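Each remark here refers to the structure printed beneath this line.
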Amino acid sequence: MLSIGPNTMTSGGLCAVRVLFLCVGTSLCLAQQAPRPDAADSNYERCLRGLAGCDVGRLSSDDMSRLAERSHRRNFEVCRVGSAACDPTVLRKEELADVQLEAHRRNLDRCLGGLPNCDPASLSESDARRMSGERRKRNLDRCLEGSAQCDPTSLAPAESQAVGNTLRKRNLDLCMNGSSRCDPVILTPEEASVIANSVRRRNLDLCRAGSPNCDPTLLNQAEAAQVRGVINERNLQRCINGAANCDPLAFSARHGVAVAEARRARNLENCVNGFFSKCDLSALTAPELASVAPQHRRGNSSSTYNSFAALLSLIWWSSAIRRSRHLKPI
Numbered sequence: 338m339l340s341i342g343p344n345t346m347t348s349g350g351l352c353a354v355r356v357l358f359l360c361v362g363t364s365l366c367l368a369q370q371a372p373r374p375d376a377a378d379s380n381y382e383r384c385l386r387g388l389a390g391c392d393v394g395r396l397s398s399d400d401m402s403r404l405a406e407r408s409h410r411r412n413f414e415v416c417r418v419g420s421a422a423c424d425p426t427v428l429r430k431e432e433l434a435d436v437q438l439e440a441h442r443r444n445l446d447r448c449l450g451g452l453p454n455c456d457p458a459s460l461s462e463s464d465a466r467r468m469s470g471e472r473r474k475r476n477l478d479r480c481l482e483g484s485a486q487c488d489p490t491s492l493a494p495a496e497s498q499a500v501g502n503t504l505r506k507r508n509l510d511l512c513m514n515g516s517s518r519c520d521p522v523i524l525t526p527e528e529a530s531v532i533a534n535s536v537r538r539r540n541l542d543l544c545r546a547g548s549p550n551c552d553p554t555l556l557n558q559a560e561a562a563q564v565r566g567v568i569n570e571r572n573l574q575r576c577i578n579g580a581a582n583c584d585p586l587a588f589s590a591r592h593g594v595a596v597a598e599a600r601r602a603r604n605l606e607n608c609v610n611g612f613f614s615k616c617d618l619s620a621l622t623a624p625e626l627a628s629v630a631p632q633h634r635r636g637n638s639s640s641t642y643n644s645f646a647a648l649l650s651l652i653w654w655s656s657a658i659r660r661s662r663h664l665k666p667i
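Plus 337 on top of the position in the sequence shown (first one is 1) and you've got this note's numbering.
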């Protein structure tokens, strides 16, 4: 049995309990649970977020007021950031003033930054002067950098002179470095003379280094002789070292003796070390040939060594006889 005390009854005889028992006979009881205490709050959240399932009819007057205030604040924030979703008609007077102040500040920033969506008509006189000053500074920087966006007509006389000096100095550096962007037209006679000397020195260095960019037509007589001397010396070293790109016709008879001596020494070293693919036995003298044979005594039998020595001697004497008779080798 359910015990119901006097505090659980109202004057109308109703039970003020959150669970209502409906009993049929003595054996069946059905319990119906009352609505959860947060159900109303869940409906309010759905309405606040604009979600499906919002039941406006279940909202209390306080909830409707809270929703209206939240919607008003959201619109105010949207208006402050300049969104197209702003509804200025519902703004309060002080809110409208704040929104207009933010819009003015955003427009001023755009104008000072040179952005295309600037509205100069809405600027105050002092802001317009600030914008004009920033525009002149921006244009001066472009002109000093040599930008194509430079507007020389907006420069003051002193600014124009500073830009001209900077451009001439930059052009002089380009010309000194041999850049294709050099403009010889704006060079002074003194600068042109300096550039001409620089070009000649640079060309002389290229010619001395054997560069394909050398222009021999720019060399005077003394420079041409200097270049020929450097080239001949470089060729001589190649010939002495036995390089394949040696030009034997490019050095004098005096240098030919040094090249021949270096070639004989290199040939003897190849023969002594057993590099017979690079050894010319016919170019050896009798004492040199004798110095080659003992190198092959080590590790060979006496008969093998004697055969090898006899072969070397035969080859050498055959070569010597052919040279003395000026006969071609068979």
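Where a beta carbon is used, it is the ideal one built from N, C-alpha and C, also for glycine. In this text the structure is predicted, and so the values were computed from the model without any measurement.
Using DSSP with H/G/I as helix, E/B as strand and the rest coil, what is residue i?
{"i": "Pro453", "result": "coil"}
{"i": "Val583", "result": "What sits at residue 583 in the sequence shown is Cys, not Val. DSSP places Cys583 in coil when its eight states are reduced to three."}
{"i": "Asp424", "result": "coil"}
{"i": "Cys384", "result": "helix"}
{"i": "Leu504", "result": "helix"}
{"i": "Thr740", "result": "A question about residue 740 goes unanswered here, because the residues of the chain that appear run from 338 up to 667."}
{"i": "Leu438", "result": "helix"}
{"i": "Phe588", "result": "coil"}
{"i": "Pro624", "result": "helix"}
{"i": "Gly419", "result": "coil"}
{"i": "Asn514", "result": "coil"}
{"i": "Asn610", "result": "coil"}
{"i": "Ser469", "result": "helix"}
Can you give the Cα-Cα distance for residue i and residue j, rounded to whole angstroms?
{"i": "Thr490", "j": "Arg467", "result": "20 Å"}
{"i": "Ala546", "j": "Leu555", "result": "15 Å"}
{"i": "Arg472", "j": "Asp400", "result": "53 Å"}
{"i": "Asp456", "j": "Leu438", "result": "14 Å"}
{"i": "Cys416", "j": "Arg403", "result": "20 Å"}
{"i": "Gly593", "j": "Ala627", "result": "27 Å"}
{"i": "Leu449", "j": "Ala434", "result": "22 Å"}
{"i": "Leu428", "j": "Gly470", "result": "36 Å"}
{"i": "Cys608", "j": "Gly566", "result": "34 Å"}
{"i": "Val596", "j": "Cys544", "result": "25 Å"}
{"i": "Cys551", "j": "Asn610", "result": "43 Å"}
{"i": "Glu598", "j": "Cys576", "result": "11 Å"}
{"i": "Asn534", "j": "Arg479", "result": "32 Å"}
{"i": "Arg423", "j": "Asn476", "result": "Per the sequence presented here, residue 423 reads as Cys, with Arg not at that position. Straight-line Cα distance between these residues: approximately 37 Å."}
{"i": "Arg537", "j": "Ala587", "result": "26 Å"}
{"i": "Pro624", "j": "Ser614", "result": "21 Å"}
Output yes or no for whether 8 Å exceeds the beta carbon distance between residue i and residue j.
{"i": "Asn502", "j": "Cys519", "result": "no"}
{"i": "Val500", "j": "Leu492", "result": "yes"}
Comparing the CB of residue i with every heavy atom of the ligand COA, is any distance shorter than 7 Å?
{"i": "Arg466", "result": "Inclusion of the ligand COA in the displayed structure is not the case, the ligand content being empty and no account of it being possible."}
What whole-angstrom Cβ distance do residue i and residue j have, given they're in contact under 8 Å?
{"i": "Arg601", "j": "Gly579", "result": "Between Gly579 and Arg601 the Cβ distance is about 11 Å, and since that is not below 8 Å, they are no contact."}
{"i": "Pro549", "j": "Ala561", "result": "17 Å between Cβ atoms; not a contact."}
{"i": "Arg443", "j": "Gly419", "result": "6 Å"}
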